[in-house]
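In what follows, a structure is listed as structure tokens, so that the remarks can point back to it.
There are 2 protein chains.
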Amino acid sequence: MSHSRQKDAAYVTIGQVAQAAGVSKTTISRYISGQYEALADSTRQRIEETIAALNYRPNQLARGLKRGRSNLIGVILADISNPFSTAIMRGVEDVAKFHGYSIVVWNTDNDAQKERDYIFIAQSHKIDGLIINTTGQNNAFLRDLGGQKTPIVLVDRKVPDLNFDTVCTDNRSATETALHYLLEKEYERVALFTEPVEGISSRTERLETFSRILAENGHVSTSDVYVVDAHNQAHLEKSLLQFLYDSRGQLRAILAGNGVLLLKLSRTFQRLGIRVPESVSYLGFDDPEWALLVGSGITTIAQPTYQIGVTAMNRIILRIGQEDGLTPEIVELPGELIVRGSTPGKMT
Amino acid sequence: MSHSRQKDAAYVTIGQVAQAAGVSKTTISRYISGQYEALADSTRQRIEETIAALNYRPNQLARGLKRGRSNLIGVILADISNPFSTAIMRGVEDVAKFHGYSIVVWNTDNDAQKERDYIFIAQSHKIDGLIINTTGQNNAFLRDLGGQKTPIVLVDRKVPDLNFDTVCTDNRSATETALHYLLEKEYERVALFTEPVEGISSRTERLETFSRILAENGHVSTSDVYVVDAHNQAHLEKSLLQFLYDSRGQLRAILAGNGVLLLKLSRTFQRLGIRVPESVSYLGFDDPEWALLVGSGITTIAQPTYQIGVTAMNRIILRIGQEDGLTPEIVELPGELIVRGSTPGKMT
DNA sequence: TTGTATGCGTTATCAA
DNA sequence: TTGATAACGCATACAA
Chain A
356 MSHSRQKDAA YVTIGQVAQA AGVSKTTISR YISGQYEALA DSTRQRIEET
406 IAALNYRPNQ LARGLKRGRS NLIGVILADI SNPFSTAIMR GVEDVAKFHG
456 YSIVVWNTDN DAQKERDYIF IAQSHKIDGL IINTTGQNNA FLRDLGGQKT
506 PIVLVDRKVP DLNFDTVCTD NRSATETALH YLLEKEYERV ALFTEPVEGI
556 SSRTERLETF SRILAENGHV STSDVYVVDA HNQAHLEKSL LQFLYDSRGQ
606 LRAILAGNGV LLLKLSRTFQ RLGIRVPESV SYLGFDDPEW ALLVGSGITT
656 IAQPTYQIGV TAMNRIILRI GQEDGLTPEI VELPGELIVR GSTPGKMT
Chain B
356 MSHSRQKDAA YVTIGQVAQA AGVSKTTISR YISGQYEALA DSTRQRIEET
406 IAALNYRPNQ LARGLKRGRS NLIGVILADI SNPFSTAIMR GVEDVAKFHG
456 YSIVVWNTDN DAQKERDYIF IAQSHKIDGL IINTTGQNNA FLRDLGGQKT
506 PIVLVDRKVP DLNFDTVCTD NRSATETALH YLLEKEYERV ALFTEPVEGI
556 SSRTERLETF SRILAENGHV STSDVYVVDA HNQAHLEKSL LQFLYDSRGQ
606 LRAILAGNGV LLLKLSRTFQ RLGIRVPESV SYLGFDDPEW ALLVGSGITT
656 IAQPTYQIGV TAMNRIILRI GQEDGLTPEI VELPGELIVR GSTPGKMT
């Protein structure tokens, strides 16, 4: 009696609909599940009207409990602020929506403990699938998960020795393309600026390919790899100056390992008054919206982010229902080199 | 028999834990709910060990069904790609996590129909609270929702005549600050570039304040408001050229209504070879990470996005549990003018 | 074509 | 301090 009629209206259940429509709960349930072939046209119509009139919405909690699935897909991101992650999310969401799933997101801030916590929470919500952009520091933990039945798909980062579906950029090819482009442009010295690579396959692959291609082409300066903390401005500056000094007099370029570093490098050039491309050329992974605004545009290696999300979610859909089997697959989608003014090569 | 022991292990229930620990389900339930004062130390310890051994995770679906709450908070965004939205999400998530809630996100792409669909879906999942960055085209629909008990908080955009908790930037003050700054810098002519304002309070308020302040200061050119479609490059260019022609010979500035327009304007200046700030000055709402990279930096009006998220979620927490009452409140958080090189004023 | 009865995993009520 | 039992809202097996 303490609640208004208005508020009680928010709690319409299948029983009330049944009563109002003059049929049993089972019949309503059949309607909800779309089993129209088992319903008389007249009943169906009556139910339709009753549901609309009462504004009834089936309780997903009850439904999920009974059917053993929640219609929820979990997405665990290392960094939700990164446009790279949001683009993936969009892809995931579009497919999820199409199949009637909603998305629960968790942000780990690249913290392995948080990642573990969130995986537990995801499980307790009985999510029907999980997409993880892993920190790369819970491999043993993830291995255990593999045995369970909830479909898991890794995005952007592979986990070695683990049989998980994985969707990522073809980092080796992309790096190769970028370096060959630079070599053709007759750069004499190329540096790689990357964040720490441990456990993060995308970074590792870029680093390895970088070293390999340079070695294959007679560039012996493997020392031109700078592992930096993107949030340590001083260290970044020091590394940059080091490279500029080491390569003085040579035609040189810097490859930024991701979008964050590309931003930080741009900022550092600006602060130190280093002229691009006259003094140094640069390019980088990711293709942030502002890349074409800086100077005469920054050359980038765009990643198929949206497509990664779409592919990952499609894989989840495929696994759902599929009782057993389906061998884990690693899908590598091609990146794209977008040439702009920051890497003109030898100027005549 | 068709499943491995491993897989069955994923489905530990409270009953199995009870059996293994030699107590009743009720006792386990008490442990889960943290009612330690009703448990003997010895039992408590035994339960603790059993849960760890079996790797038990309470089923949130069952829990939610029984308790009438899901531990889920819904967030409906008009555009998840916009960094503005992600920043809000971060704020929401931090607070949500602290209180044991997880976040379900939906992206409406500024589509009113999608917004309605998602609100229904959110309700069916029995979310414990809903945060909406509304498209502004479902006001009647939202009004109905107000009567129900699920706490709803609007972010960024107010809905007139509706009593909802709302958290947004203080757009009037922010716009005022920006314009006073421009007037002090002796700009003779100022234009506003905005996306369509219908139903979107933030844009409306910026527009109104723009007109008011200019009028108060003897600028009669109310015609200097350009309503543009951010995705129509041709129209944007035309509007820009129109303004530049109209204001030829005057010291002039353009105020971009949001981050998207700021980007498009920057791009257009670049394409048309228009020199900033020599030929025209500009500044804009939002403070995207690249604002300081373009030219000698773009003057911006930063919005307290993270804080908006935090405040909105705190409000939800406050309302949850609170049986009735709590008058809806509109919280306007201050923006901040960040002066950079794009608006130097009269150069001597 | 429709209905009855049972149970999903948990919590709340009551009793011991 | 602990337990038996009913109930949350729905879907399913079986019966009619």
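These protein sequence lines map, in sequence, to chains A and B.
Reading the first sequence from the start, the letters are residues 356 to 703 in this note's numbering.
Reading the second sequence from the start, the letters are residues 356 to 703 in this note's numbering.
In this text, a Cβ means the ideal position worked out from N, Cα and C, and glycines have one as well.
In this text the structure is predicted, and so the values were computed from the model without any measurement.
When C-beta atoms of the region 486-498 of chain A are compared with those of the region 430-441 of chain A, three or more pairs fall below 8 Å, so the two segments count as touching.
Annotation for residue 615 (chain A): the continuous alpha helix (DSSP H) segment containing it runs 614-627.
For residue 487 (chain A), there is no enclosing alpha helix (DSSP H); the residue is part of the beta strand (DSSP E) that begins and ends at 484-487. Using beta-carbon distances, residue 700 (chain B) does not count as an interface residue toward chain A, since no partner is under 8 Å. Interface criterion met: the Cβ of residue 441 (chain A) is under 8 Å from a Cβ in chain B. Neighbours of residue 659 (chain B) across chain A, judged by C-beta separation under 9 Å, do not exist; the nearest C-beta is about 16 Å away.
When DSSP assignments are scanned along the region 401-430 of chain A, no uninterrupted stretch of beta strand (DSSP E) that is 3 or more residues long falls wholly within it. For residue 684 (chain B), there are no C-beta contacts with chain A under 7 Å, since the nearest C-beta of that chain is about 20 Å from it. Per DSSP, the unbroken alpha helix (DSSP H) holding residue 600 (chain B) starts and ends at 588-601. Annotated as distal: residue 524 (chain B) and residue 644 (chain B), with beta-carbon spacing of 8 Å or more.
Counted as a single uninterrupted DSSP element, the beta strand (DSSP E) harbouring residue 655 (chain B) occupies residues 654-657. For residue 376 (chain A), the enclosing alpha helix (DSSP H) covers residues 369-376. Annotation: residue 567 (chain A) to residue 471 (chain A) spans about 35 Å, alpha carbon to alpha carbon. Of all residues in the region 457-469 of chain A, those with a C-beta nearer than 9 Å to a C-beta of chain B are 457, 458, 459, 460, 461, 462 and 469, reading in chain order. Chain-order list of chain B residues neighbouring residue 417 (chain A): 420, by C-beta distance under 7 Å. Listed by position along chain B, the residues whose Cβ is nearer than 8 Å to that of residue 436 (chain A) are 438, 441, 442 and 445. The region 536-555 of chain B makes contact with the region 606-625 of chain B, as at least three CB pairs between them are under 8 Å. Runs of the alpha helix (DSSP H) lying entirely within the region 429-500 of chain B, each at least 4 residues long, are 438-453 and 467-479 in chain order. In the structure shown, the three-state DSSP call for residue 565 (chain A) is helix. Close partners of residue 476 (chain A) in chain B (Cβ separation under 7 Å): 457. With contacts defined as CB atoms closer than 8 Å, residue 591 (chain B) and residue 533 (chain B) fail to qualify as a contacting pair. Per DSSP, the unbroken alpha helix (DSSP H) holding residue 386 (chain A) starts and ends at 380-387. Assignment of residue 644 (chain B) by DSSP, reduced to helix, strand and coil, places it in the coil class. Per the C-alpha coordinates, the member of A:507, A:521 and A:478 positioned closest to residue 410 (chain B) is A:478.
Contact between the region 513-524 of chain B and the region 683-701 of chain B is present: three or more C-beta pairs spanning the two stretches fall below 8 Å.
If you compare the alpha carbons of A:697, A:458 and A:381 with that of residue 634 (chain A), the shortest gap goes to A:697.
Under the Cβ criterion (8 Å, minimum of three pairs), the region 640-660 of chain B counts as touching the region 433-452 of chain B. The beta carbon of residue 613 (chain B) sits no closer than 8 Å to any beta carbon of chain A. Taking 8 Å as the upper bound on Cβ-Cβ separation, chain A lies near residues 618, 621, 622 and 625 of the region 607-641 of chain B. Collapsing the DSSP output to three states places residue 524 (chain A) in a strand. Here residue 480 (chain B) is buried. Its C-beta has 16 or more other C-beta atoms within 10 Å.
Against residue 481 (chain A), the close residues of chain B are 414, 415 and 416, in the order they occur along the chain (beta-carbon pairs closer than 8 Å). Across the set B:486, B:496 and B:502, the C-alpha of B:486 shows the shortest separation from the C-alpha of residue 512 (chain B). The criterion of a C-beta distance shorter than 8 Å is satisfied by residue 545 (chain A) and residue 607 (chain A).
In its chain, beyond the 5 residues on either side, 491 and 492 have a beta carbon closer than 6 Å to the beta carbon of residue 554 (chain A). Contact of residue 649 (chain A) with chain B by beta-carbon distance below 9 Å involves 645, 648 and 649.
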